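Enquirer: In my numbering, the protein residues as written are 23 to 307.
#1: For residue 134, which residues in the same chain have their Cβ closer than 8 angstroms to its Cβ, ignoring the five residues on either side in sequence?
#2: Which residues share a DSSP beta bridge with residue 152?
#3: Helix, strand or coil for residue 119, going by three-state DSSP, please let me know.
#4: Taking only three categories from DSSP, how would you classify residue 180?
#5: Assuming residue 92 contacts residue 108 (C-beta within less than 8 angstroms), just tell me the rounded distance between them.
#6: Please check the pair residue 119 and residue 130, which I expect to be a contact at CB under 8 angstroms, by giving their CB distance rounded to whole angstroms.
#7: Can you tell me whether residue 68 is buried or exposed? The criterion is at least 16 other CB atoms within 10 Å of its CB, across all chains shown.
#8: List in chain order: all unbroken beta strand (DSSP E) runs of 3+ residues lying wholly within the segment 60-131.
#9: With a threshold of 16 other CB atoms inside 10 Å of the CB of residue 218, please say whether the residue is buried or exposed.
#10: In the DSSP assignment, find the unbroken alpha helix (DSSP H) run with residue 266 in it and report its ends.
#11: So, using beta-carbon positions, are residue 183 and residue 141 closer together than 9 angstroms?
#12: Taking the beta carbon of residue 258 as the centre, do at least 16 other beta carbons fall within 10 Å, making it buried, or is it exposed?
#13: Considering residue 304, what are the terminal residues of the alpha helix (DSSP H) in which it resides?
#14: Would you kindly report the start and end of the unbroken beta strand (DSSP E) that includes residue 185?
#15: Please check if any C-beta of chain D sits within less than 9 angstroms of the C-beta of residue 180.
#16: Can at least three beta-carbon pairs, one atom from the segment 98-106 and one from the segment 288-303, be found at a separation below 8 angstroms?
#17: Report buried or exposed for residue 228, applying the criterion of at least 16 other Cβ atoms within 10 angstroms of its Cβ.
#18: Contact defined as beta carbons within less than 8 angstroms: I believe residue 180 pairs with residue 288. What is the distance between those atoms, to the nearest angstrom?
#19: Taking three-plus beta-carbon pairs below 8 angstroms as touching, is the segment 201-220 in contact with the segment 228-238?
#20: Helix, strand or coil for residue 239, going by three-state DSSP, please let me know.
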């Protein structure tokens with residue numbers, strides 16, 4: 023009876039620890055921060071909507087979709103097409119980031135995919151932060167030498183899985199909105215994936231430490247030699263690289279985690295296996 027109660031108590035303790043871990047993770051993670059829906063202003067505004075699609079931290083690139091909403095003065099209300107040639111020129115910190123996004127007269131502006139450079143250091147994973155901007159746009163109206171510049175307001179929207187996104191506005195306010203026409207975006211890893219990364223790092227620290235402790239105890243004869251541990255050491259050694267690459271937004275090769283954690287794990291597990299085989303050799307009689 024006592025053994026049965028002890029077994030039930032053990033199961034309950036495990037379930038309580040598991041539930042506490044889940045509750046703690048959800049409490050730490052919280053919801054990801056995303057940008058709100060685009061504010062297109064009134065009919066007199068020319069708005070360039072930039073939607074975030076994906077981020078490539080190692081390459082310092084952000085994939086975006088660009089959509090132009092010309093002011094009503096440049097639209098044929100009956101046909102819902104532009105009544106003149108229009109083109110949008112995106113720039114970051116007053117530097118053009120690509121060719122003109124053109125829409126000929128008689129057509130409706132369509133969504134265009136492009137890539138924008140981001141500023142950040144991927145080697146600081148998982149505490150890396152990236153910024154884009156100040157992102158602005160000018161609109162060219164007309165054709166040939168008769169084209170004229172008109173100001174446009176950039177509105178960035180969208181969300182990225184595992185990232186918290188915030189924005190600030192700056193620059194001149196030429197549209198109906200009281201804030202600036204330019205927008206600067208800041209991206210940092212959300213707390214949920216960050217907690218997951220930290221948990222995996224703790225696993226990488228603990229695994230070789232336990233392996234070394236067991237090998238040393240067997241080598242000193244303080245614990246019985248257990249042959250199945252050889253398989254466990256080998257499995258742990260070959261699991262390190264998959265665990266490292268499984269981390270959300272895996273860092274670039276050669277980042278600090280490779281220099282501090284992965285190298286430690288490989289050396290410590292290899293040493294643990296060597297000590298294990300020495301202990302096996304001593305007891306092979």
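Each residue gets a CB set at the ideal place from its N, CA and C atoms; glycine is no exception.
Everything numeric in this text was worked out from a predicted model, so none of it was measured.
Expert: Let's see:
#1: 87, 88, 89, 123
#2: 209
#3: coil
#4: strand
#5: 6 angstroms
#6: About 24 angstroms; that fails the 8 angstroms criterion.
#7: buried
#8: 69-78, 83-91, 108-114, 123-125
#9: buried
#10: 251-268
#11: no
#12: buried
#13: 285-304
#14: 185-192
#15: No chain D appears in this structure, which consists of one protein chain only.
#16: no
#17: exposed
#18: With 8 angstroms as the limit, residue 180 and residue 288 do not qualify as a contact, their Cβ atoms being about 39 angstroms apart.
#19: no
#20: helix
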